[in-house]
Amino acid sequence: GAGVSQSPRYKVAKRGQDVALRCDPISGHVSLFWYQQALGQGPEFLTYFQNEAQLDKSGLPSDRFFAERPEGSVSTLKIQRTQQEDSAVYLCASSRRIGNEQFFGPGTRLTVL
Amino acid sequence: AQTVTQSQPEMSVQEAETVTLSCTYDTSENNYYLFWYKQPPSRQMILVIRQEAYKQQNATENRFSVNFQKAAKSFSLKISDSQLGDTAMYFCASPPPGNTDKLIFGTGTRLQVFP
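Okay, here's the thing in structure tokens:
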């Protein structure tokens, strides 16, 4: 596909469950970013990769959050032992290189009950 | 600390009129990009316009233009001839101080265009 894709689009989890969110960036895009967007707010930076290297994970809210991009393409954001405060839309974006415009996926809406 | 400020939570404009959304940011870098993104209701974020900080000329994309004041760290978005399809959340984004790799987003301005 031509754009950034994310799956699943919607995820409902019971508190305490682990979840994995997937992001397929635009082919050839070196940089990949994860954001968390609460209702009515702007995206909050979580982490980003340049190829397979995770260059900054300062935005991850706790050690329950883990992201990887092992082959420098697809990325997975994993949340362990989900809590209600993790409920949000998780956005993925990719760019051709660091500093360029970011292209966003449709997001995954996570609801933790 | 919030480094991108959008002081207008909501704006409204009549179709065909002009509206300006404000944004201020805080970065210590000399060369960087600034962005305005649009997020329609329940739809994904798309880029509206970008400005390269080393260029003095304001960026323009059809009905969208910016007023970039580098010294004041101000980056407002002007929408001319507003259309109903412009109704959306608008987010300004800039790199944070000391880092041009990532973007910090403002809290957004909800724009309503009415007939």
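Line by line, the protein sequences are chains A and B.
Numbering-wise (our numbering), the first sequence opens with residue 1 and increments by one.
Numbering-wise (our numbering), the second sequence opens with residue 1001 and increments by one.
All residues carry an ideal CB built from backbone N, CA and C; glycine is no exception.
In the displayed model, B:Leu1103 falls within coil according to three-state DSSP, outside both helix and strand.
Apart from the 5 residues on each side of it in sequence, A:Arg22 sits with its Cβ closer than 7 Å to the Cβ of Gln6, Ser7, Val74 and Thr76 in its chain, given in chain order.
Within chain B, no residue has its beta carbon less than 7 Å from that of A:Tyr90; the closest one is some 13 Å off. Contact check for B:Leu1111 and B:Tyr1090: beta-carbon distance about 6 Å, within the 8 Å limit, so the pair qualifies.
When secondary structure is reduced to three states using DSSP, A:Asp24 falls in the strand class.
Pairwise C-beta distances place the region 86-100 of chain A in contact with the region 36-54 of chain A, as three or more of them are shorter than 8 Å. Relative to the Cα of B:Ala1071, the nearest Cα in the group B:Gln1008, B:Gln1006 and B:Thr1024 belongs to B:Thr1024. Put simply, the backbone Cα of A:Lys78 is about 10 Å away from that of A:Asp63.
Contact between A:Val4 and A:Ser94 is confirmed by a C-beta separation of about 5 Å, below the 8 Å threshold. Following the DSSP letters along the chain, one finds B:Thr1003 in no beta strand (DSSP E), marked with neither H nor E. Closest by C-alpha distance to B:Cys1092, out of B:Val1013, B:Thr1018, B:Tyr1033 and B:Ser1028, is B:Tyr1033. For the region 1094-1113 of chain B, the set of residues with a beta-carbon nearer than 9 Å to any beta-carbon of chain A comprises Pro1095, Pro1096, Asn1099, Thr1100, Asp1101, Lys1102, Leu1103, Ile1104, Phe1105, Gly1106, Thr1107, Gly1108 and Arg1110, in chain order. Apart from the 5 residues on each side of it in sequence, B:Asp1081 sits with its Cβ closer than 7 Å to the Cβ of Ala1016 and Arg1063 in its chain, given in chain order.
Our two residues, A:Ser27 and A:Arg96, have alpha carbons roughly 9 Å apart in a direct line.
Spanning the alpha carbons of A:Gly107 and B:Asn1030 requires a straight line of approximately 32 Å.
Residue pairing of B:Thr1109 in beta bridges, as defined by DSSP: B:Tyr1090. For B:Val1013, the closest of B:Lys1073, B:Tyr1037 and B:Gln1083 by C-alpha to C-alpha distance is B:Gln1083.
Residues of chain B with a Cβ closer than 7 Å to the Cβ of A:Leu55 are, in chain order, Asp1101.
A:Gly59 places its beta carbon 8 Å or farther from that of A:Phe49.
Checking the DSSP bridge columns, you'll see B:Asn1067 partnered with B:Ser1076. Contact annotation: B:Leu1021 and B:Ile1049 have beta-carbon atoms that are not nearer than 8 Å. Going by beta carbons, B:Ile1046 and B:Tyr1037 fall inside the 8 Å limit. In this structure, DSSP gives A:Asp56 an extended state, which the three-state scheme calls strand. Non-local C-beta neighbours of A:Val112 in its own chain, meaning closer than 7 Å and more than five positions away in sequence, comprise Ala13, Arg15, Thr82, Gln83, Gln84, Asp86 and Ser87, ordered along the chain.
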